[in-house]
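Read through the structure below, which is laid out as structure tokens, and then see the notes.
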Amino acid sequence: MRATQDKRRHMIVLSRGEEVIAALTKYCDEHGIHAAAFHAIGSVDRVKIGYYDLKKREYFFTEESGEFEVASMNGNVALVEGRPFIHAHAVLTACDEGGRVLGAHVKEAHVAVTLEVFLIALDISLSREYDEEVGLKLLKI
4 MRATQDKRRH
14 MIVLSRGEEV
24 IAALTKYCDE
34 HGIHAAAFHA
44 IGSVDRVKIG
54 YYDLKKREYF
64 FTEESGEFEV
74 ASMNGNVALV
84 EGRPFIHAHA
94 VLTACDEGGR
104 VLGAHVKEAH
114 VAVTLEVFLI
124 ALDISLSREY
134 DEEVGLKLLK
144 I
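Counted the way the numbering used here counts, the sequence shown spans residues 4 to 144.
Shown next, in the form of structure tokens:
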């Protein structure tokens, strides 16, 4: 990982093999970032991506192998139990002749070549708290 910043704006470049969610969590923890928004482009492989089923109140993830272009990745950072929590969604295009497109919640993704993340730290308080009605930790504002 390489990074540069100017007060609130951070340009983070993840390297081949790094796990995206873990790396961003560590970066935010080390830099005291408790609230942020980010977007990213690059490529990933070994992805766990999925959706939340409200009726069943659980996530369903699929594991995808192969390389994917990150057409768009967006997310935010908020505190959960006092630690930075990364919430990310992505649109991914398979790097093969079929070029299928996946889009959903990202649980895990490893960098295939590079991932360029532009993160803006926010000077506000953001946290997540469990919501009984939907069964998830939602943003508390």
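A virtual CB, placed ideally from N, CA and C, is assigned to each residue, including glycine.
- The beta carbon of residue 56 sits closer than 7 Å to the beta carbons of 63 from its chain, once the five residues preceding and following it are set aside; these are given in chain order.
- Taking a C-beta distance under 9 Å as the contact criterion, residue 52 and residue 65 qualify as a contact pair.
- For residue 50, the closest C-alpha among the options 141, 106, 134 is that of 106.
- Within a 10 Å sphere around the beta-carbon of residue 14 sit fewer than 16 other beta-carbons, which makes this residue exposed.
- In the three-state reduction of the DSSP assignment, residue 119 falls in the strand class.
- Sixteen is the threshold: since fewer than 16 other Cβ atoms of the shown chains lie within 10 Å of the Cβ of residue 101, the residue is exposed.
- Cβ atoms of residue 68 and residue 94 stay farther apart than 8 Å, at about 18 Å.
- Fully contained in the segment 26-69 are the following beta strand (DSSP E) runs of length 3 or more, in chain order: 39-56, 61-67.
- Per DSSP, the unbroken beta strand (DSSP E) holding residue 134 starts and ends at 130-134.
- Your pair residue 121 and residue 37 does not check out as a contact, with CB atoms roughly 18 Å apart and the cut at 8 Å.
- In the three-state reduction of the DSSP assignment, residue 80 falls in the strand class.
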